[in-house]
Amino acid sequence: MNLKVAVAGLFFITTFSHGSAGNAQVAPSATQDGFILKVGAGFSDYAGNLNNGQLQGGALWVDFVPPRMPSFLRGFGLEAEARGVTASETAPTQPGALRQATVGGGPTYTYLRYPRVHPYAKFIASFAGQSFNLGSGGEQFETQTAYALGGGIDYRALGNLWVRGDYEYQFWPDSFGTPSWYLDPHGITLGLAWEFRPRRRY
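Numbering (the working numbering), first residue to last: 14 to 215.
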């Protein structure tokens, strides 16, 4: 799977969910006032900086929206996420192999007007690590803080099951100890999430 295929999938989800939103009745929902917890997993396909193929791997995330927020804060929440990707055109033992992993979290805003379609935006700060195979020179490894802006759409497919299309642009400053060199991997994640929410009593 490459980035073009993933983008096509995201476009399909966006188009389909937009049509569903147009047909949805706009009414207050339990989602707007209640506790929301979504736990998900997906496949990530990112473009890297080192011309050694797409960065592909898996992602996990947890989204939390607090209950009974004031109206001006409705939709604000938190996300924790973890992601690990490797360069698709090199094996881990080959020169040029790149592996990246991030674990972090940050604030999110989810538009809750429609009960089946939730567009969202996020800012994530992560503890990040990456390794680069230097061939005969061994492997170079470093850790640092990375930042990301992103957003996407969650679509309620069935009951508590949601489909996610997510885009994220990461910024890794001072990579490999070089102040003037930064990495900006960016790409999309397609996946599924399960929502845990207490049943609201009316």
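Note that CB positions come from ideal geometry on N, CA and C, so glycine has one too.
Nothing here was measured: the structure is a model prediction, and the numbers come from that model.
1. Residues bridged to Arg177 by DSSP?
2. What are the boundary residues of the beta strand (DSSP E) that includes Ser139?
3. Using DSSP with H/G/I as helix, E/B as strand and the rest coil, what is Leu50?
4. Do Gly70 and Gly97 have their CB atoms nearer than 8 Å?
5. Can you tell me which residues form a DSSP beta bridge with Tyr195?
6. Going by C-alpha to C-alpha distance, which of Phe209, Arg112 and Ile166 sits closest to Ile201?
7. Does Leu91 come out as helix, strand or coil in the three-state DSSP assignment?
8. Please state whether the Cβ-Cβ distance between Ser89 and Pro120 is less than 8 Å.
9. When we look at the beta-carbon of Phe145 and count the other beta-carbons within 10 Å, is it buried (16 or more) or exposed?
10. Quick one, are the C-beta atoms of Ala72 and Glu94 less than 8 Å apart?
11. Identify whether Leu68 lies in helix, strand or coil by the three-state DSSP scheme.
12. What residue range is occupied by the uninterrupted beta strand (DSSP E) comprising Pro120?
13. Give a yes or no on whether the C-beta atoms belonging to Phe77 and Leu50 are separated by under 8 Å.
14. Can you tell me which of Tyr180, Gly61, Glu92 and Ala60 puts its alpha carbon nearest to the alpha carbon of Val75?
Based on what the coordinates show:
1. Asp167 and Gly204
2. From DSSP, the beta strand (DSSP E) with Ser139 extends over Val130 to Asn146.
3. Here Leu50 carries a strand assignment [DSSP, helix/strand/coil].
4. yes
5. DSSP lists no partner for Tyr195.
6. Nearest Cα to Ile201 within the set Phe209, Arg112 and Ile166: Ile166.
7. strand
8. This sequence places Phe at residue 89; Ser is not what is there. The answer is yes: Cβ separation under 8 Å.
9. buried
10. yes
11. strand
12. Leu111 to Thr123
13. yes
14. Glu92
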